[in-house]
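**Q** Numbering (this note's numbering), first residue to last: 79 to 194. Where a beta carbon is used, it is the ideal one built from N, C-alpha and C, also for glycine. Given the structure is predicted, the values throughout are model-derived calculations rather than measurements.
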């Protein structure tokens, strides 16, 4: 897949996708090697433990999250960040409603095929 977003992505003009269970996402800029996604969590929402082939770095824009990566848990708040190497189990529980900015390399083709 050789997909890419337009050079400029305006958040207010970019659709949000309701993923259910208190989580929604907005796919922002991306190209074959990188993708940025904004993800909103309601308090108590759970990003189920999973793994994927992508490197992921996530910035906590707001809220508070208990993040699980490869057997270790940490509580992170606004301004904090976490990195997930490929194929590691990871997930998050939202302790206070907030937003994560997820960056993936390469892009998450599965996100695009889900209707984005």
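1. Cβ atoms of residue 99 and residue 127: under 8 Å apart, would you say?
2. Smallest Cα separation from residue 165: which of 108, 109, 134?
3. What first and last residue would you give for the alpha helix (DSSP H) that runs through residue 188?
4. Would you check if the distance between the CB atom of residue 189 and the CB atom of residue 88 is smaller than 8 Å?
5. Would you tell me roughly how many angstroms separate the C-alpha atoms of residue 96 and residue 82, rounded to the nearest one?
6. Just how far apart, CA to CA, sit residue 142 and residue 107?
7. Could you tell me which of 125, 92, 110, 93 sits nearest to residue 176, measuring between CA atoms?
8. Can you look up residue 180 in the DSSP assignment and give me helix, strand or coil?
9. Would you mind working out which of 94, 159, 91 sits nearest residue 144, comparing C-alpha positions?
**A** Let me lay it out:
1. no
2. 134
3. 187-191
4. no
5. 22 Å
6. 25 Å
7. 125
8. strand
9. 159
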